[in-house]
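> So that we are looking at the same thing, I have put the structure below in structure tokens.
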Amino acid sequence: ADESTQNVAVFHALLEACPKNIPILILANKQDIKGAIRADEVINILELANLSPEEHSWLVQPCCAFDEENLYEGLSWLSSGAPISEQARAYTKRFRTTKSARK
2 ADESTQNVAV FHALLEACPK NIPILILANK QDIKGAIRAD EVINILELAN
52 LSPEEHSWLV QPCCAFDEEN LYEGLSWLSS GAPISEQARA YTKRFRTTKS
102 ARK
């Protein structure tokens, strides 16, 4: 398996070991650089749409730490108690619709 596949496997192993209802914040940094992985790509790569919102709320926050763009929004979400993510619900719904359309 290639390195990215191994990284995804490690991420999911960590999720399995993590208590339920622990919010997950992923900062998709370097958004100011051409070719940066977009938030929707991170969601697809890590298969976040497959997570039940009842298990973990999550947010993939695109940001640029250099100029602090959107950095504090993600941290604010996390510190606010991280309610069930509407982003997670929307992507999960879209993923399931797309997946069932492929069958």
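Per the working numbering, the sequence shown runs over residues 2 to 104. Glycine included, C-beta positions come from ideal geometry on N, C-alpha and C. Please read these numbers as outputs of a predicted model, since none were measured by experiment.
1) Can you tell me where the alpha helix (DSSP H) with A18 in it begins and where it stops?
2) Do A40 and P24 count as a contact pair if the criterion is CB distance below 8 Å?
3) Assign V11 to buried or exposed, taking buried as 16 or more other Cβ atoms, counted over all protein chains shown, within 10 Å of its Cβ.
4) Looking at C65 and K35, is the spacing between their C-beta atoms short of 8 Å?
5) Mind checking which residues open and close the beta strand (DSSP E) that includes I27?
6) Note down the Cα distance separating H57 from K21, rounded to an integer number of angstroms.
7) Note down the Cα distance separating D33 from L16, rounded to an integer number of angstroms.
8) Which residues in the same chain as V43 place their Cβ atom closer than 7 Å to its Cβ, once the five residues preceding and following it in sequence are excluded?
9) Please list, in chain order, all residues of the same chain as L76 whose beta carbon is under 8 Å from its beta carbon, the five residues on each side excluded.
Straight from the coordinates:
1) Numbered from 1 along the sequence shown, position 17 holds the residue referred to as residue 18. Note, A18: alpha helix (DSSP H), E4 to A18.
2) Working through the sequence shown from its first residue, we reach residue 24 at position 23. Working through the sequence shown from its first residue, we reach residue 40 at position 39. For P24 and A40, no; Cβs fall outside 8 Å.
3) Within the sequence shown, the letter at position 10 stands for residue 11. Exposed.
4) In the sequence shown, counting from the first residue as 1, residue 35 sits at position 34. In the sequence shown, counting from the first residue as 1, residue 65 sits at position 64. Remark: C-beta atoms of K35 and C65 do not approach each other more closely than 8 Å.
5) For the purposes of this step, residue 27 is identified with residue 26 of the sequence shown, where counting begins at 1. I27: member of the beta strand (DSSP E) spanning I25 to A29, first to last residue.
6) Mapped onto the sequence shown, residue 57 falls at position 56. Mapped onto the sequence shown, residue 21 falls at position 20. About 6 Å.
7) Working through the sequence shown from its first residue, we reach residue 33 at position 32. Working through the sequence shown from its first residue, we reach residue 16 at position 15. In this structure, the alpha-carbon of D33 lies about 29 Å from that of L16.
8) In the sequence shown, counting from the first residue as 1, residue 43 sits at position 42. Here the set comprises I27, A29 and V61.
9) Residue mapping note: residue 76 aligns to position 75 of the sequence shown, counting from 1. In chain order, L26 place their CB closer than 8 Å to the CB of L76, counting only its own chain and leaving out the 5 sequence neighbours on each side.
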